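First comes the structure, then the notes that go with it.
2 protein chains.
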Amino acid sequence: MRIGVIGSGALGLYYGALLQRAGQDVHFLLRRDYQAIRRAGLTVTSPHGDFHLERVNGYQDSAQIGPVDLVLVGLKAYANAQLIELTRPLVATGTTLLTLQNGLGNEDLLAAAFGADKVVGGTAFLCCNRGQPGTVHHLDQGAIRIAEFAKGLSAKVEHLAVLFKQAGIPCEACADLTRIRWEKLVWNIPFNGLCALTGLPTGRLLACPETRQLIAEMMREVVAAANRQPLTEPLEGEGFIARLLDLTTGMGDYRPSMMVDRLQGSPLELDAIYGVPLERAAARAMPMPRVAMLHALLAATEPQAL
Amino acid sequence: MRIGVIGSGALGLYYGALLQRAGQDVHFLLRRDYQAIRRAGLTVTSPHGDFHLERVNGYQDSAQIGPVDLVLVGLKAYANAQLIELTRPLVATGTTLLTLQNGLGNEDLLAAAFGADKVVGGTAFLCCNRGQPGTVHHLDQGAIRIAEFAKGLSAKVEHLAVLFKQAGIPCEACADLTRIRWEKLVWNIPFNGLCALTGLPTGRLLACPETRQLIAEMMREVVAAANRQPLTEPLEGEGFIARLLDLTTGMGDYRPSMMVDRLQGSPLELDAIYGVPLERAAARAMPMPRVAMLHALLAATEPQAL
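In order, the protein sequences belong to chains A and B.
Under our numbering, think of the first position of the first sequence as 1, with each following residue one higher.
Under our numbering, think of the first position of the second sequence as 307, with each following residue one higher.
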């Protein structure tokens with residue numbers, strides 16, 4: 001299958017590399033890593049075993065990629081103003097667009113530009129950071145859940161799930177995109193923002209009783225707001241939260257993507273992870289006061305808020 | 307009147323200097339400023355006019371001060387473990403102890419050691435920072451409200467108010483210490499912690515619509531918790547909050563004491579400004595979720611939380 005990766009950060013490079021290793025025809029739109037990957041290929045370090053791809057199709061302009069069967073979108077949501085323009089050259093009649101971006105609103109953008117029936121959304125529970133240019137460090141986890149934007153379970157998402165699983169990526173085809181998106185937000189909303197704001201990794205926040213409790217309270221706010229959305233079945237509450245806290249404790253001192261963004265002086269994915277979820281929660285009369293407070297503190301500390 | 311100042315930070319030095327200038331016999335327990343003040347006296351810069359005190363009674367040991375009529379306590383509440391020991395040599399039968407420290411719980415400590423009838427509490431609405439050793443910069447405001455710890459309005463606090471006013475310090479004798487303490491917390495709780503946490507001064511937080519709204523919401527939580535306490539009359543809500551926001555906007559980019567503490571790597575007054583108020587609010591079934599969240603974030607980011 002001919003696959004184009006738009007947004008080759010840690011997530012795009014890691015999944016793209018696994019797909020290429022499994023024999024897929026993968027084409028990466030590159031920015032930071034272009035020179036390094038053209039020169040020396042792409043290296044993945046992972047507890048599942050390191051590997052190196054000697055020959056990688058890397059481009060600086062998506063027009064050079066041309067039409068593909070599958071676009072894998074890993075772009076930071078704060079760069080969504082460029083998303084449609086970057087993606088358009090890859091889209092033909094039968095193209096599927098799979099966005100694994102964080103937060104809410106990304107599928108809507110792709111659907112408005114290319115048609116809702118082309119769009120699949122997914123959530124990746126992946127601990128992964130970029131290293132030196134040309135190197136990606138896979139640290140932990142990595143499973144993906146995907147679902148159609150415009151309808152329930154389809155042969156198309158089941159076929160995509162098989163493709164990922166053949167590449168060694170645990171992948172589940174799901175019927176309810178809204179549900180898997182909100183389920184992922186239960187993790188992203190507390191950890192991404194609190195780590196970015198405080199400069200403390202996940203393990204430090206979980207080791208402090210006050211912030212561990214705060215994280216659980218924020219998760220409850222997100223679950224309550226999720227369960228006001230039109231879901232096929234409600235999210236489980238306390239049991240799910242307890243499992244997420246345990247799972248994250250096991251990840252040690254992980255730095256979520258938003259913390260990495262702030263440490264690097266990059267913008268934060270505030271709209272996708274906070275702004276849109278807060279709007280959708282408020283629209284169904286379920287305010288999330290702690291989430292709104294975190295959003296306010298992150299917004300005020302962005303450099304452009306000066 | 308013979309006056310001893312325990313805790314000669316910005317507040318203690320400023321009010322002590324004004325009292326000495328008005329002819330009172332003031333004795334300062336000094337730490338950081340000892341050498342500078344012994345050598346060259348104490349300088350106050352102020353929009354009301356700068357002044358310099360050439361001869362200042364400064365000590366490194368409170369035993370050298372001995373008994374006084376009035377102890378003015380300006381110690382940081384995080385140093386309260388030393389408060390009683392530092393104060394004891396100054397206390398005789400007729401001594402009055404006036405604490406202008408931040409937050410809740412300070413009078414209780416003094417009352418337990420020296421007797422409730424000796425203790426007067428007060429709140430200072432003062433914008434003041436220390437400069438070079440031996441120099442205090444008064445920036446804005448400066449009024450004090452004082453009240454007995456153990457009873458209502460008394461001749462003693464009215465006499466103290468006259469003493470302060472004669473020194474050019476606006477001072478009001480009040481009947482209800484709990485009320486003035488909580489009223490001050492309506493300002494301290496949002497501004498001290500948010501500025502310390504974000505590293506942004508008051509003006510920046512008020513200029514950002516999200517944090518301005520957050521500040522107002524936190525103020526509402528404090529007013530609601532205050533009005534569950536045994537007050538002689540309830541705190542006013544929205545009108546008071548609007549006036550505080552206006553007043554603070556007029557102060558420009560002020561750095562509250564807790565922000566200065568964090569920038570200097572000092573501990574924060576977390577118990578007095580957050581811990582005890584949260585306990586007293588919870589004891590009367592009025593949780594303050596945003597205040598608790600701020601407390602958690604400040605606690606987690608303290609160096610000793612490592």
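In this text, a Cβ means the ideal position worked out from N, Cα and C, and glycines have one as well.
What you are looking at is a predicted structure, and each value in this text was computed from that prediction instead of being measured.
What residue range is occupied by the uninterrupted alpha helix (DSSP H) comprising Asn106 (chain A)?
The continuous alpha helix (DSSP H) containing Asn106 (chain A) extends over residues Asn106 to Phe114.
How many whole angstroms separate the CB atoms of Thr393 (chain B) and Val377 (chain B), which I take to be in contact at a CB cut-off of 8 Å?
Taking the Cβ atoms as the reference, Thr393 (chain B) lies roughly 6 Å from Val377 (chain B), within the contact range of under 8 Å.
Just to confirm my understanding: we take Leu153 (chain A), look at its own chain, exclude 5 residues before and 5 after, and list those with CB closer than 8 Å. What are they?
Ala147, Ala173, Cys174 and Ala175
Taking one C-beta from the stretch 42-53 of chain A and one from the stretch 181-193 of chain A each time, how about it: are there three or more such pairs within less than 8 Å?
Note that the stretch 42-53 of chain A does not touch the stretch 181-193 of chain A; fewer than 3 beta-carbon pairs, one per stretch, sit closer than 8 Å.
Can you tell me the Cα-Cα spacing of Ala286 (chain A) and Glu183 (chain A), whole angstroms?
One point to set straight first is that residue 286 (chain A) is Met, not Ala, in the sequence displayed. Computed Cα separation, rounded: 16 Å.
Take Phe164 (chain A) as the anchor and find which of A:Asp246, A:Leu235, A:Asp271 and A:Leu100 has the nearest alpha-carbon.
A:Leu100
Any beta carbon of chain A sitting closer than 9 Å to that of Ala589 (chain B)?
no
Quick one: list the residues of chain B neighbouring Cys325 (chain A), beta-carbon separation under 8 Å, in chain order.
Within the shown structure, residues of chain A are numbered from 1 to 306, placing residue 325 (chain A) beyond reach of any answer.
Would you mind stating whether Gly637 (chain B) and Leu396 (chain B) have Cβ atoms separated by less than 9 Å?
This structure does not reach residue 637 (chain B), given that chain B is present from 307 up to 612, and the question cannot be answered.
Using a 10 Å radius around the Cβ and a threshold of 16 neighbouring Cβ atoms, would you call Thr538 (chain B) buried or exposed?
Label assigned to Thr538 (chain B): exposed.
One or two residues paired with Ile144 (chain A) in a DSSP bridge
A:Ala124 and A:Cys171
Listed by chain order, chain B residues near His295 (chain A) by CB distance under 8 Å:
Glu516
Where the beta strand (DSSP E) through Asp331 (chain B) begins and ends:
Asp331 to Leu335
Interface flag, Glu523 (chain B) vs chain A, CB-CB below 9 Å
yes
How close, in whole Å, do the beta carbons of Pro573 (chain B) and Glu608 (chain B) come, if the pair is a contact with beta carbons under 8 Å?
7 Å
List the residues of chain A whose Cβ lies closer than 8 Å to the Cβ of Pro583 (chain B), in chain order.
Correct list: empty, because the minimum Cβ distance to chain A is about 15 Å.
Under 8 Å: do the stretch 4-22 of chain A and the stretch 111-129 of chain A share three or more Cβ pairs, one atom per stretch?
Short answer: they touch.
Pop quiz: Leu466 (chain B) and Leu416 (chain B) are said to be a contact at Cβ under 8 Å. What is the actual Cβ separation, rounded to whole angstroms?
Their Cβ separation, rounded to whole angstroms, is 15 Å, which puts Leu466 (chain B) and Leu416 (chain B) out of contact at 8 Å.
From what residue to what residue does the alpha helix (DSSP H) around Arg518 (chain B) run?
Note, Arg518 (chain B): alpha helix (DSSP H), Pro515 to Ala532.
Cβ of Thr504 (chain B) within 9 Å of Cβ of Leu294 (chain A)?
no
Sequence ranges, alpha helix (DSSP H) only - wholly within the stretch 33-92 of chain A, length at least 4:
34-40 and 83-87
Is it the case that the Cβ atoms of Tyr560 (chain B) and Pro507 (chain B) are separated by a distance below 9 Å?
yes
For a contact meaning CB atoms closer than 7 Å, what does Pro289 (chain A) contact in chain B?
Pro595 and Arg596, listed in chain order.
Short check: CB of Leu139 (chain A) to CB of Asn106 (chain A), under 9 Å?
no
Taking Gly545 (chain B) as the reference, which of B:Gln330, B:Val529 and B:Leu512 has the closest Cα?
B:Val529
So is Ala124 (chain A) buried or exposed if we call it buried at 16+ other beta carbons inside 10 Å?
buried
Per-residue contacts from Leu520 (chain B) into chain A (C-beta, under 7 Å)
Met293 and Ala296
As a quick exercise: from B:Arg586, B:Asp577, B:Ala588 and B:Pro595, pick the residue whose alpha carbon is nearest that of Ala387 (chain B).
Ranking the options by Cα distance to Ala387 (chain B), first place goes to B:Asp577.
Among B:Arg534, B:Leu569, B:Gln330 and B:Gln341, which has the Cα closest to the Cα of Val374 (chain B)?
Nearest option by C-alpha distance: B:Gln330.
Suppose you measure from the CA of Gly168 (chain A) to the CA of Gln60 (chain A); what does that come to, to the nearest Å?
Straight through space, the alpha carbons of Gln60 (chain A) and Gly168 (chain A) are spaced by roughly 28 Å.
Chain B contact for Arg204 (chain A) (CB, 9 Å cutoff):
yes
Determine the extent of the beta strand (DSSP E) in which Thr405 (chain B) is found, giving its start and end residues.
Thr402 to Thr405
Any beta carbon of chain B sitting closer than 9 Å to that of Leu245 (chain A)?
Leu245 (chain A) has a beta carbon lying at 9 Å or more from every beta carbon in chain B.
Would you identify the three-state DSSP class for Thr504 (chain B), choosing helix, strand or coil?
helix
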